[in-house]
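The next block holds one structure in the form of C-alpha cells; read it before the comments.
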C-alpha cells in the first residue's frame, strides 16, 4: 500500500526530503519543524507525478485521490475550517515544486475550492468584503482556465484589462476594480471557460482540487519546461512534487500584501536583507512582474519614497521577517530567497530556497560565510559556480557620473537586476532574439515583462530590459542565473511589441527594432548606441577564494597566449605558464608574410635560405618578448599547424605584388598557389606533415624558439609542441631535427640549449598508439578542439547548423562537444592515451590545451584521468583555477572509503 501523504512537519524528518518533496515541499517541511509561521498544508511526492505522467491520463488514480482526501481531512482539522464549506470555506493553493530549480517553468493555481456558492461565505469571513472575494474568484478563474484548461493566459488577461481601462477613464489613471466591474469580469471569465469544454470551472471543490493537481503534474511536460531542462542539461529529474497549502490572503486589504525577501543582497552580496513587496497582492503578482513592487528596506528606497517601504509602513512585520530570515539562513547555511504573504500585518512564509545571485555576490557570500564560521573552505569553494567567474570579469561601462560629465546620459533608468555591460540590437520577442543571434548578431531583448516562454530568447540575448517588474521578478531572477546584464522596472519605457518599438514619452525618444543600445546592468541605465567598455572592477574576496582554490587543487593551470601582452594578462589572473603559444599569428606581419610566402613558393630550395634566416631572426625577437613576459614560468610553443593555403594572399593586388617580388608571372604564381589548395585542408598538408615536406621552415621555427628563450634568459627548457602527430616516426624525425638545430646553436650560446619536445595529441590514431609516441616525446598535450573534430567527424566551423538539433532538440548529444568535452567518445580516447602513454613513461607530463581546458566539467575529467595541467584562454584562468580545486575536492570525496 502506498505511503500516506504527510502534513508539513508530521512524522520523522526525511533525509532525502528534496529528492522526494522537491525544493518547495522540503523547505516548507523544514520551516514547519522550526516552528515558523507557515500556513499548514501537505506535499504530494515527486514519485506520484512520475506515476501519473506514465499513465498518460488526465484523471488521478483512485488510490492517490483517496490519500489526497485523507491529507485534506487532517488539514481541515488543523485549521478548523472545511474545504468547500459555503459559510467559512478553506481555500488552498496548488503549487509545483521540483527537486531542481526551474524558475517560472511549472504551474500554480491559487484560491482552489472557491465556488459561486462559497463566494458570499468568503466575503462574510472578511467583514463582508465582496470586492476581495470577487478578486480571489477572478484569480482562480484565470489560473484554472490557463493551467488546467489550456486557454491562452493573455486572452484571459485581456478580459480583465478591458475593465481596467474602463475604470481608468479618459485620464488613464489606474484604479482598482470595483464590485460591479469585478462581477462583469468573473461573468465573462466563467463564460469563456465554459465555451472551452462545456464545463469550465467545476463547482465541486474537490473536482477543482483534483483537476488542479493533475494540471500541475502535466506542467512538468509542457513545451517550455521540456525546453528548459534540455537547455540546462537536466536529464535525470523525475517530475514535480505538488504542494497543497491553506491560503493566506495578501490581496485582502491595505495591511496585506506579498513579497520576496533575500537574506543578503543578490547582486552585491552585502550582508543586509534585500527584498520587494506589493501591497494588496498575492505571491504570483510579485514574480510575474505585472506590477513594479516597492522595496522592503529604506536603504533601497528612492529618496523621498521611504514611507512606501515595508520597513516604514509595517515596522513590526518587517522586523519579524528579518528575524525569521536570519533563522532560515543559519539553518540552511546559505543565502535564502523567502516568499511571504502579509495578512492583516502578520507575515506567513510560503517558500524558502537558495537564492539566485550574481557571480560577484556568490564569491563575496561564500567568503563571508567562511569568515563568519558558517561554512568550511571546501564547502565555500564548491558553492561558487566556476563558469560564472568569466562573467564576474566581464567588461563594464563607466559609472553614470563619469559618463554624465562627458554629456552621455541614460535614455531610461531601471533597477540593476544583473551586473555587467551588454551592447546589441533591440528585439522585442524571444523568437527574434534567437533568429538574429543565430545570424551572429548581438541582441538586447526588450519586453514589458518576461514570462517563462521567453527563457530561450533570454539565453540568446546579450542583455535583457523590462519595463515592469522588480529585482525578484522572473526577468531578474533568470537574468542573474544566466549571467546576462539586465535592468528591470524601467518605468519610463513604453514597450509596444506589435509596433516593434519602445518609447520614452518624457523625452520623445523612440527606439525601434534593430537600434543599437547599451545595457548597464550594474547601475540600471539604458543608453542609446554602443558605449565603450572598461575592465571589470576588482573584488578582494575573489583573490581570497582563488587563494583557497590554489591550496587545494592538484592540476596546474596555464594559458593559451600568443604574445607578451596576453601572457602578462594571464599571469595577472594566476596562470602558471603558457600551455599553448600558437606561432602562426607571429607570421602575419608585413615583415614576415613575404618571407614565409617566398619559402613556400620558391622555385629552388637554395632561394629560401636568406628568407628563412630573416624569418628566424624576427620570430626570435617576438618569442623573446613572450618568454620575458612569462617571468620564468614554463612556455610551450606550437610549431606551424595551419594549412599552407591560409598563408597565401587572397586579394588580386596582393597576388600581383607577390608575383613581382618573386620574379614570377601571375599565371605561374596562380599555378603554385593552386597546388597548395586542398579539398579537405583540415585533414591535409598541415602540422608535422609540413616538417616532412618543408624541413627548412620547421628548422627555422625551432631555432627561433631556442634563440628567443636564450635571449630572454628563460631559466626553464623551452617546450616545443609538434602538431597533428599520428605516428611515432613523425616524432622521431622531429627529435632528430631539434637535436641538430640545438647542436648548431651551441657555439652561439656557449652551451647546448635545453628544450623539451612534446606531441600535440589531436588525432584518434595518436591516442591509440600513444605508448609508441610517448617513447619519442618529453610530454603530451591533448588538442581537444581538433580531436573532437576528428573523432566525431564534425567541422567546428560548420557544425553550428545542426548541433542545436543534436543537443537541445533531440538529446542525441549532451550539448555542444566543442564547448564541453564529449566524455563518452573523446574522453574515452583521452583515457586510452593517458593509460598507454604512462605504461611507456610513468612520469610523462600530460596536459590539455583545447578550449575545453577552461570548462569546469572538462577539467573534472582531466582530474579524474590524472592529467598534470590544463591550458585555456586568459580570461578563463580564474574559472579554471576554481574548477580544478572543485574537481580535486570531489575526487577526494568519491575516492574516500566508506566508513
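In this note's numbering, the protein residues as written are 735 to 1633. C-beta: ideal position from N, C-alpha, C; glycine also.
Counting only runs that start and end within the segment 1105-1133, where is the beta strand (DSSP E) found for 3 or more residues in a row?
-> none
State the DSSP-derived secondary structure class of residue 776, mapped to helix, strand or coil.
-> As a first step, residue 776 is located in the chain shown; it is residue number 42 there, counting from the start. Correct three-state label for residue 776: strand.
Could you please give me the residues that DSSP links to residue 1294 through a beta bridge?
-> Counting from 1 along the chain shown, the entry for residue 1294 is found at position 560. Its beta-bridge partners are 1314.
Closest by CA to residue 914, which one among 930, 1463, 865, 1453?
-> Locating residue 914 in the chain shown gives position 180, where the first residue counts as 1. Distances from the CA of residue 914 to each of 930, 1463, 865, 1453 were compared; the closest alpha carbon is that of 865.
In the DSSP assignment, what are the bridge partners of residue 1146?
-> For the purposes of this step, residue 1146 is identified with residue 412 of the chain shown, where counting begins at 1. Under the DSSP definition of a beta bridge, residue 1146 partners with 1260.
Going by Cα to Cα distance, which pick from 1082, 1530, 756, 1152 is closest to residue 1253?
-> Position 519 of the chain shown, counted from the start, is the residue given in the question as residue 1253. Comparing Cα-Cα distances from residue 1253 to each of 1082, 1530, 756, 1152, the minimum goes to 1152.
Which whole-angstrom value describes the C-beta separation of residue 1201 and residue 1224, a residue pair presumed to lie in contact below a C-beta threshold of 8 Å?
-> Taking the first residue of the chain shown as 1, we reach residue 1201 at position 467. Taking the first residue of the chain shown as 1, we reach residue 1224 at position 490. At roughly 5 Å, the Cβ-Cβ gap stays under 8 Å, so residue 1201 and residue 1224 are in contact.
Report all residues from its chain with a CB closer than 7 Å to the CB of residue 1203; omit the five preceding and five following residues, and keep chain order.
-> The residue given as residue 1203 occupies position 469 in the chain shown. Answer for residue 1203: 1023, 1026, 1183, 1209, 1210, 1222, 1223, listed in chain order.
Pair within 9 Å by beta-carbon distance, residue 1402 and residue 1619 = Start at 1 with the first residue of the chain shown, and residue 1402 comes out as number 668. Start at 1 with the first residue of the chain shown, and residue 1619 comes out as number 885. No, the Cβ-Cβ distance between residue 1402 and residue 1619 is not below 9 Å.
Simplified DSSP assignment, three categories, for residue 964 | To locate residue 964, count along the chain shown from 1; it is residue 230. Reduced to three states, the DSSP call for residue 964 is helix.
Taking just the CA atoms, how far does residue 846 sit from residue 810?
-> Position 76 of the chain shown holds residue 810. Position 112 of the chain shown holds residue 846. Going by the C-alpha atoms only, they are around 14 Å apart.
Secondary structure of residue 1278, DSSP reduced to three states | If you number the chain shown from 1, residue 1278 lands on position 544. Correct three-state label for residue 1278: helix.
Terminal residues of the beta strand (DSSP E) in which residue 1568 lies = Sequence index remark: in the chain shown, residue 1568 carries index 834 (1-based). Counting along the chain, residue 1568 falls outside any beta strand (DSSP E), though it belongs to the alpha helix (DSSP H) covering 1560-1574.
Would you give the residue range spanned by the beta strand (DSSP E) that residue 871 belongs to?
-> Numbered from 1 along the chain shown, position 137 holds the residue referred to as residue 871. Here residue 871 belongs to no beta strand (DSSP E); instead the alpha helix (DSSP H) covers 864-877.
For residue 753, which residues from the same chain have a beta carbon less than 8 Å from its beta carbon, with the 5 sequence-adjacent residues on both sides left out?
-> Within the chain shown, the letter at position 19 stands for residue 753. Hits under 8 Å: 780, 833.
Rounded to the nearest angstrom, how far is the Cβ of residue 1279 from that of residue 1118, given a contact under 8 Å?
-> Mapped onto the chain shown, residue 1279 falls at position 545. Mapped onto the chain shown, residue 1118 falls at position 384. The pair is a contact, with the Cβ atoms about 7 Å apart (cut-off 8 Å).
By the 10 Å Cβ neighbour count, where 16 or more other Cβ atoms means buried, how is residue 1632 classified, buried or exposed?
-> Position 898 of the chain shown holds residue 1632. In this prediction, residue 1632 scores a pLDDT of 40, lower than 50, which makes its location untrustworthy; the coordinate-derived value is nonetheless stated afterwards. Exposed, by the Cβ-count rule.
Is the segment 1414-1428 touching the segment 1370-1389, taking contact as three or more C-beta pairs under 8 Å?
-> A contact exists between the segment 1414-1428 and the segment 1370-1389.
For residue 1196, three-class secondary structure by DSSP = Taking the chain shown and counting its residues from 1, one reaches residue 1196 at position 462. Residue state for residue 1196 is assigned as coil, using DSSP reduced to three classes.
How many Å lie between residue 1062 and residue 1070 at the Cα?
-> In the chain shown, residue 1062 corresponds to position 328, counting from 1. In the chain shown, residue 1070 corresponds to position 336, counting from 1. So the alpha carbons of these two residues sit roughly 7 Å apart.
In three-state DSSP terms, what is residue 1420?
-> Within the chain shown, the letter at position 686 stands for residue 1420. Of the three classes helix, strand and coil, the one that applies to residue 1420 here is coil, per DSSP.
Would DSSP call residue 682 helix, strand or coil?
-> Outside the displayed span of the chain (735 to 1633) sits residue 682, for which this structure offers no information.
Per DSSP, cross-strand counterpart(s) of residue 1489 = The residue given as residue 1489 occupies position 755 in the chain shown. Looking at the DSSP assignment, residue 1489 forms a beta bridge with 1452.
From residue 1673 to residue 1310, what distance separates their C-alpha atoms?
-> Only positions 735 to 1633 of the chain appear in the structure, and residue 1673 is not among them; the question remains open.
Classify residue 969 as helix, strand or coil using the three-state DSSP reduction.
-> In the chain shown, counting from the first residue as 1, residue 969 sits at position 235. In the displayed model, residue 969 falls within coil according to three-state DSSP, outside both helix and strand.
Between the CA atoms of residue 1293 and residue 1313 - distance to the nearest angstrom | Indexing the chain shown from 1 puts residue 1313 at position 579. Indexing the chain shown from 1 puts residue 1293 at position 559. Rounded to the nearest angstrom, the two C-alpha atoms are 5 Å apart.
Neighbourhood of residue 1497 by C-beta distance below 6 Å, restricted to the same chain and skipping five residues each side | By 1-based counting over the chain shown, the position of residue 1497 is 763. Excluding positions up to five away in sequence, the list reads 1460, 1524.
How would you call residue 1276, buried or exposed, if buried means at least 16 neighbouring beta carbons within 10 angstroms?
-> The count along the chain shown starts at 1 and reaches residue 1276 at position 542. Label assigned to residue 1276: buried.
9 Å Cβ cutoff met for residue 1434 and residue 1369 = Here residue 1434 refers to the residue found at position 700 of the chain shown. Here residue 1369 refers to the residue found at position 635 of the chain shown. Not closer than 9 Å, so no.
What does a CB cutoff of less than 7 Å around residue 1439 pick up in its chain, not counting 5 residues either side in sequence?
-> Residue numbering aside, residue 1439 sits at position 705 when the chain shown is read from its first letter. Close CB contacts of residue 1439 within its chain, under the 7 Å cut and outside five residues either way in sequence, are with 1357, 1371, 1452, 1454 (chain order).
Determine the DSSP secondary structure at residue 1155, reduced to helix, strand or coil.
-> Looking up residue 1155 in the chain shown gives position 421. It is a strand residue.
Indicate the three-state DSSP secondary structure (helix, strand or coil) for residue 991 in the structure shown.
-> Start at 1 with the first residue of the chain shown, and residue 991 comes out as number 257. Here residue 991 sits in strand by DSSP.
Residues bridged to residue 817 by DSSP?
-> As a first step, residue 817 must be located in the chain shown, where it is residue number 83. For residue 817, which the question treats as bridged, DSSP gives the partners 824.
Is residue 1093 closer than 9 Å to residue 1122 when the C-beta atoms are compared?
-> Here the question's residue 1122 lines up with position 388 in the chain shown. Here the question's residue 1093 lines up with position 359 in the chain shown. In contact: residue 1122 and residue 1093 (Cβ atoms closer than 9 Å).
Residue 1606 versus 1596, 1617, 1586, 1616, residue with shortest Cα-Cα distance = Residue mapping note: residue 1606 aligns to position 872 of the chain shown, counting from 1. If we check each option's Cα against that of residue 1606, 1586 comes out closest.
C-beta atoms of residue 944 and residue 802 nearer than 9 Å | By 1-based counting over the chain shown, the position of residue 944 is 210. By 1-based counting over the chain shown, the position of residue 802 is 68. In contact: residue 944 and residue 802 (Cβ atoms closer than 9 Å).
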